[in-house]
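A.B. asks:
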Amino acid sequence: MSVSKKLRDTPWFRRSSGALLYRYLLLVRRTNEFVIDPPNAYERFGADMPVIVTMWHGQHFLAPFIRRPQDRAKALVSFHRDAEINAVAAERLGVHTIRGSGDHERRFDRKGGVKAFIAMRDALAEGWNVMLTADVPKVSRVAGLGIIKLARVSGRPIYPIGIGTSRRKILNNWDRSVVNLPFGRGAIAFGEPILVARDADDAAMEVARRQVEDGLNAITARAFAVADRTDERG
Numbered sequence: 001m002s003v004s005k006k007l008r009d010t011p012w013f014r015r016s017s018g019a020l021l022y023r024y025l026l027l028v029r030r031t032n033e034f035v036i037d038p039p040n041a042y043e044r045f046g047a048d049m050p051v052i053v054t055m056w057h058g059q060h061f062l063a064p065f066i067r068r069p070q071d072r073a074k075a076l077v078s079f080h081r082d083a084e085i086n087a088v089a090a091e092r093l094g095v096h097t098i099r100g101s102g103d104h105e106r107r108f109d110r111k112g113g114v115k116a117f118i119a120m121r122d123a124l125a126e127g128w129n130v131m132l133t134a135d136v137p138k139v140s141r142v143a144g145l146g147i148i149k150l151a152r153v154s155g156r157p158i159y160p161i162g163i164g165t166s167r168r169k170i171l172n173n174w175d176r177s178v179v180n181l182p183f184g185r186g187a188i189a190f191g192e193p194i195l196v197a198r199d200a201d202d203a204a205m206e207v208a209r210r211q212v213e214d215g216l217n218a219i220t221a222r223a224f225a226v227a228d229r230t231d232e233r234g
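1 is the number of the first residue of the sequence shown in UniProt numbering; add one for each residue after it.
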């Protein structure tokens, strides 16, 4: 193992990298002029709390800024080394974390998936909003059933949300991660809430899964369109 690899595996490196990511995300937030779409989105969003907030993997870096100062939120973060960096940044931005994996993973039970699912269910019951990506590595832009199951057992609505900035770089990786850049315009776009009945059968679950998938595709595109159009007007 190389020295650089050993360094990346140390808790110190992950904490330091998380602190740097936190500062960078603050820079992006403070130097982009954000609009909310629709403008009254937080009225309905706030009335429905606690809610399940979801976005696509790779579009999630600015997700902590969905939370207003008065909102309590917990985010699902995997045990992967890179995810530890995200967890440090999220905690510094006021979002508590729940550690575990998503439902596409082969070793779901052994990687904290069941424990994390229970923790998310309990958090919603206690009045916390829960944030998680709908797709799970490495199946990009395909909503898993995990979030649908969470909505069913908790009775809480799913809110698809897109966050876009006019200045960005799209990476050529499995989830097409977006690196949001400073000094532009941004948009936080809210989709229509999706409810899953507690007695939903497999067919109804699949309908809801497709609603989440279609809703996220539409609202993600909407966020970038609004950010780009706002930037043109500026």
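Where a beta carbon is used, it is the ideal one built from N, C-alpha and C, also for glycine.
1) Using the beta-carbon count (16 or more within 10 Å), is Ala-221 buried or exposed?
2) State yes or no: is the beta carbon of Leu-26 nearer than 8 Å to at least one beta carbon in chain B?
3) Whole angstroms is fine: what's the gap from Arg-107's alpha carbon to Met-120's?
4) Excluding five sequence neighbours on each side, which residues of the same chain lie with their C-beta closer than 6 Å to the C-beta of Ala-87?
5) What separation, rounded to the nearest whole angstrom, lies between the Cα atoms of Phe-21 and Leu-171?
6) With which residues is His-96 paired in a DSSP beta bridge?
7) In chain order, which continuous runs of the beta strand (DSSP E) of length 3 or greater are located wholly inside the region 141-206?
8) Locate the beta strand (DSSP E) running through Met-131, then write down its first and last residues.
9) Residues in its own chain within less than 6 Å of Arg-92 by CB, not counting five upstream and five downstream?
C.D. replies: In short:
1) Locating residue 221 in the sequence shown gives position 221, where the first residue counts as 1. Classification for Ala-221: exposed.
2) The structure shown contains no chain B, having only a single protein chain.
3) Against the sequence shown, residue 107 aligns to sequence position 107. Against the sequence shown, residue 120 aligns to sequence position 120. Confidence is the limiting factor: at Arg-107 the pLDDT is only 49, short of 50, which leaves the residue's position unreliable and the question unanswerable from this model.
4) Translated into positions along the sequence shown, residue 87 becomes position 87. Excluding residues within five positions, the ones whose Cβ falls inside 6 Å are Val-77, Thr-97.
5) Against the sequence shown, residue 21 aligns to sequence position 21. Against the sequence shown, residue 171 aligns to sequence position 171. The sequence shown places Leu at residue 21, rather than the Phe named in the question. Distance between the alpha carbons of Leu-21 and Leu-171: 17 Å.
6) To locate residue 96, count along the sequence shown from 1; it is residue 96. In the DSSP output, where bridge partners are listed per residue, His-96 has Lys-74.
7) 158-165, 168-170, 178-180, 185-190
8) As a working mapping, residue 131 is identified with position 131 in the sequence shown. Residues 129-133.
9) Counted from its first residue, the sequence shown places residue 92 at position 92. Only Tyr-22 meet the Cβ criterion.
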